[in-house]
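First up is the structure itself, then whatever we jot down about it.
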Amino acid sequence: MKEIYLDNNATTRCYPQVVEAMMPYFSDKYGNASSMHTFGGQNRHAIDAARHQMAALIHAAYDDEIIFTSCATESNDAVLFSAAEAFPDKKHIITSAVEHPAVLEPCRLLESRGWRIDFIRVDEQGRFDLEELKSLIDEDTSLVSVMWANNETGTIFPIKEIAQIAHAHGALFHTDAVQAAGKIPIDVQKVGADFLSVSAHKFHGPKGIGALYVRRGARFVPYLVGGHQEKHRRAGTENVPYIVGIGKAAELAQKRLTDGSVQKIAALRDKLEKGIVAAIPDVKINGDVQNRVPNTTNISFGYIEGESILMYLNDFHVCASSGSACTSGSLEPSHVLRAMKVPFEFAHGSIRFSLSDENTEAEIDLVLKELPPIIERLRAISPFYKQRS
Amino acid sequence: MWDYTDKVMDHFKNPRNVGTIENADGTGQVGSLICGDALRLTIKVNKETEVIEDAKFETFGCASAIASSSMLTEMVKGKTLEEASRITNQDIADALGNLPAEKMHCSVMGMEALDAAIRSYRQGGKPVEFEQQEEKIICHCFNVSEEAIIKAVRLNHLKTVEDVTHFTKAGGACGRCKGEIQKILDKVNGAAPAEITSQKPYSEKTIVEKIKAVEKVLEEEIRPKLNRDGGSAELVDLAGSTVKIRLVGMCSGCVNAQATIKNFIEKTLQEKLDKSIIVEQA
Ligand SMILES: Cc1ncc(COP(=O)(O)O)c(C=O)c1O
Ligand code: FES
Numbered sequence: 003m004k005e006i007y008l009d010n011n012a013t014t015r016c017y018p019q020v021v022e023a024m025m026p027y028f029s030d031k032y033g034n035a036s037s038m039h040t041f042g043g044q045n046r047h048a049i050d051a052a053r054h055q056m057a058a059l060i061h062a063a064y065d066d067e068i069i070f071t072s073c074a075t076e077s078n079d080a081v082l083f084s085a086a087e088a089f090p091d092k093k094h095i096i097t098s099a100v101e102h103p104a105v106l107e108p109c110r111l112l113e114s115r116g117w118r119i120d121f122i123r124v125d126e127q128g129r130f131d132l133e134e135l136k137s138l139i140d141e142d143t144s145l146v147s148v149m150w151a152n153n154e155t156g157t158i159f160p161i162k163e164i165a166q167i168a169h170a171h172g173a174l175f176h177t178d179a180v181q182a183a184g185k186i187p188i189d190v191q192k193v194g195a196d197f198l199s200v201s202a203h204k205f206h207g208p209k210g211i212g213a214l215y216v217r218r219g220a221r222f223v224p225y226l227v228g229g230h231q232e233k234h235r236r237a238g239t240e241n242v243p244y245i246v247g248i249g250k251a252a253e254l255a256q257k258r259l260t261d262g263s264v265q266k267i268a269a270l271r272d273k274l275e276k277g278i279v280a281a282i283p284d285v286k287i288n289g290d291v292q293n294r295v296p297n298t299t300n301i302s303f304g305y306i307e308g309e310s311i312l313m314y315l316n317d318f319h320v321c322a323s324s325g326s327a328c329t330s331g332s333l334e335p336s337h338v339l340r341a342m343k344v345p346f347e348f349a350h351g352s353i354r355f356s357l358s359d360e361n362t363e364a365e366i367d368l369v370l371k372e373l374p375p376i377i378e379r380l381r382a383i384s385p386f387y388k389q390r391s
Numbered sequence: 056m057w058d059y060t061d062k063v064m065d066h067f068k069n070p071r072n073v074g075t076i077e078n079a080d081g082t083g084q085v086g087s088l089i090c091g092d093a094l095r096l097t098i099k100v101n102k103e104t105e106v107i108e109d110a111k112f113e114t115f116g117c118a119s120a121i122a123s124s125s126m127l128t129e130m131v132k133g134k135t136l137e138e139a140s141r142i143t144n145q146d147i148a149d150a151l152g153n154l155p156a157e158k159m160h161c162s163v164m165g166m167e168a169l170d171a172a173i174r175s176y177r178q179g180g181k182p183v184e185f186e187q188q189e190e191k192i193i194c195h196c197f198n199v200s201e202e203a204i205i206k207a208v209r210l211n212h213l214k215t216v217e218d219v220t221h222f223t224k225a226g227g228a229c230g231r232c233k234g235e236i237q238k239i240l241d242k243v244n245g246a247a248p249a250e251i252t253s254q255k256p257y258s259e260k261t262i263v264e265k266i267k268a269v270e271k272v273l274e275e276e277i278r279p280k281l282n283r284d285g286g287s288a289e290l291v292d293l294a295g296s297t298v299k300i301r302l303v304g305m306c307s308g309c310v311n312a313q314a315t316i317k318n319f320i321e322k323t324l325q326e327k328l329d330k331s332i333i334v335e336q337a
């Protein structure tokens, strides 16, 4: 039986057209793009084309504002460490409390090295606190790094306002747009971003390739040195097949934004969400439902634990994620739900369903049919369900 | 994805003995909603033979928590209280054909619930919460006592803080208790370092000594408590007997911030260091 894949915020299927575009660059056109011979050198054109496709997806003014990286984690790390290097006199960085670890952990590392880091809070709907940002930013702030959309709840942040506040105080602005790319229109010029990170595998490209947008003129100190590639901003022989892959994926993602795919995904997501709310008592939708990417819903099932729900869904080949990873190392419910002050009895039982345009009505119907008895079963075992107030 | 044995999956999917025994002779409870897993075990005991005639459970938790609870009820039925009390978490894990290391705490939870249920029987049947005895809590995130950690270290020959976390959860969230856990490991495994304490009164301490002393109280007494509410406190500045503290996390902006500063932080510092200390919010 084919899996019902509702975990597209974790990763997506690399589309066959993308794989097809990549294939020639492994064994046939394997030359080094920096070589002096035509055989290798012509691959430069493939890279240029991909850079153009990537620039188009985020509306970069110039293609050379795109740097290809190995993944969004690298893009994020590069920006944060660049800020620390490039502004040695400014020892303050602002981010949000609900970032992906790929931003939080480099921030904590800088904190341990003496930087002052502020983590802006969110409210119970997961909305960003612009007032707190205004109160904390000062002349010492070198960088504000805030995600465009949250990976767990899909909540979209007011990026444009945040960028304006950052610039008004002489700080640069970075956004981790991993969960926005391909789901909502992105225009770096309109929002005024200085840096932006994406990862191809979140928009139906291959894993292990990402991009970093660096606005022309934005101060940037490279993270990987040791070669002239990417105009000295990211050394290392270009990964031609994967760069071609991210380019193709960006082109397809751009098309999907306007061909009705996004509306179709939103309709399926809403059907799933409404169906669950109608069929199952004591559930709670997490996140800003007015301001979400179209593919994500994060639902808490009160008084039971997420992993056991996932294990039962797995029997029906339904793939989703839980906000609480029950390993001893992180029994705490997700930092995102905690920051939103989701009560413990709901935080532990949260499931994230994230769709793509490959999902069908029939798949959603199956989930809506199989899920209620699973929840009922687990609640029958739970000592807390009967005692709930 | 966890590598669960077929036994674990079987007991997860078809849990035995789910529910509560009416008029149970013993009820043991362990864990809470906050911890992310909890178990309530009820037992029926033959008063003459002290044989456990029936056992039922209710569990909030992951697949291995449910499987461990289910297996536990199967294991205790038909045993005398004396025999049952010798069941260890490793016995439960073995009966399940093993658990992933990170999930061993699920079997420990079973052992603790059983311990509480037996105590409840001995005390006339009123429900007993495992962690209710007066004991020193080491990990405040998961409410794990020193005794529980020592027991886990002894029984399972644990060597590292990470091991302790896998077995008891202690240290698995904020990590502030890791130092304490290391000390327990050193003690149990016989390598206790000597404590160095300075007896100088606070007012005669140098700035550096003051900072260290205040930091120590913050770390050991204050942060663990604030942490339970998702907050913490940072030392910002210090002069004479005035200590400037900044509340962070959930504590910053809390309506009770001033009360936290005065009634809790100031009071604790006064008790531990010097009556003259005044705490101000930075
Ligand atoms: C918001 C966000 N940022 C960064 C990343 C990291 O992406 P990658 O693992 O491809 O580096 C992810 C992936 O989960 C993400 O969701
Ligand atoms: S993890 Fe033990 S006190 Fe926080």
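Protein chains in written order, with the working numbering: chain A, 3 to 391; chain B, 56 to 337. Where is the CB? At the ideal position from N, CA and C, for every residue including glycine.
Local conformation of residue i per DSSP, three classes
i	result
residue 231(B)	coil
residue 250(B)	For residue 250(B), the predicted structure reports a pLDDT of 44, less than 50, and the residue's modelled location is therefore unreliable. A value from the coordinates is still provided. In the structure shown, residue 250(B) sits in coil (DSSP, three-state: anything other than H, G, I, E or B).
residue 83(A)	helix
residue 34(B)	Because chain B in this structure spans residues 56 to 337, residue 34(B) falls outside the shown range and cannot be described.
residue 323(B)	helix
residue 165(A)	helix
residue 98(A)	strand
residue 89(A)	coil
residue 231(A)	coil
residue 154(B)	coil
residue 19(A)	helix
residue 48(A)	helix
residue 135(A)	helix
residue 242(B)	helix
residue 332(A)	Residue confidence is low: residue 332(A) scores 48 on pLDDT, short of 50, so the model does not pin down where it sits. Its coordinate-derived value is still stated next. Correct three-state label for residue 332(A): helix.
residue 145(B)	helix
residue 174(B)	helix
residue 43(A)	helix
residue 336(B)	strand
residue 61(B)	helix
residue 165(B)	helix
residue 125(B)	helix
Chain B contact residues for residue i, given Cβ-Cβ distances below 7 Å
i	result
residue 383(A)	70, 73, 113, 114 and 121
residue 347(A)	88
residue 309(A)	117 and 118
residue 313(A)	67 and 118
residue 94(A)	Near residue 94(A) there are no residues of chain B at all, since even the closest Cβ is about 15 Å away, more than 7 Å.
residue 319(A)	The contacting residues do not exist; residue 319(A) stays about 14 Å from chain B at best.
Backbone CA spacing between residue i and residue j [nearest angstrom]
i	j	result
residue 329(A)	residue 212(B)	Low per-residue confidence applies at residue 329(A): pLDDT is 48, beneath 50, and the placement is therefore not dependable enough to give any value.
residue 355(A)	residue 9(A)	6 Å
residue 307(A)	residue 313(A)	11 Å
residue 324(B)	residue 264(B)	14 Å
residue 179(A)	residue 58(A)	15 Å
residue 21(A)	residue 324(A)	30 Å
residue 331(A)	residue 119(B)	Any answer about residue 331(A) is weak, because its pLDDT of 44 lies below 50 and its placement is not dependable; what the coordinates show is given next. Their Cα atoms are separated by approximately 15 Å.
residue 60(A)	residue 333(B)	54 Å
residue 175(B)	residue 183(B)	5 Å
residue 268(A)	residue 201(B)	51 Å
residue 384(A)	residue 204(B)	26 Å
residue 170(A)	residue 132(A)	14 Å
residue 291(B)	residue 277(B)	15 Å
residue 298(A)	residue 11(A)	8 Å
Partners in chain A for residue i, counting only beta-carbon separations shorter than 9 Å
i	result
residue 231(B)	Within 9 Å Cβ-Cβ: nothing; residue 231(B) doesn't reach chain A, min ~13 Å.
Proximal residues of chain B, C-beta to C-beta of residue i below 8 Å
i	result
residue 386(A)	88, 93 and 115
residue 230(A)	Within chain B, no residue comes near residue 230(A); the closest Cβ sits about 42 Å away, beyond 8 Å.
Inset, instruction - Kindly provide the ranges of any alpha helix (DSSP H) runs that are 4 or more residues long and lie completely inside the stretch 248 to 322 of chain A, ordered along the chain. - result: Counting only runs of 4 or more, we get 263 to 281 and 308 to 317.
Inset, instruction - Please name the residues in the stretch 294 to 308 of chain A whose beta-carbon is closer than 9 Å to at least one beta-carbon of chain B, in chain order. - result: Listed by position along the chain: 305, 306, 307 and 308.
Inset, instruction - Could you run through the stretch 164 to 186 of chain B and flag, in chain order, every residue whose CB is less than 9 Å away from some CB of chain A? - result: So the list is empty, because no residue satisfies the distance condition.
Legend entry - Any beta strand (DSSP E) of 3 or more consecutive residues that is wholly inside the stretch 83 to 118 of chain B: With a minimum length of 3 residues, the continuous beta strand (DSSP E) runs that stay inside the stretch 83 to 118 of chain B are 92 to 100 and 107 to 115.
Legend entry - Minimum length 4: unbroken alpha helix (DSSP H) runs contained in the stretch 271 to 299 of chain B: Whole alpha helix (DSSP H) segments, 4+ residues: 278 to 283.
Legend entry - chain B contacts from the stretch 344 to 369 of chain A (Cβ-Cβ distance under 7 Å): Flagged, chain order: 346, 347 and 350.
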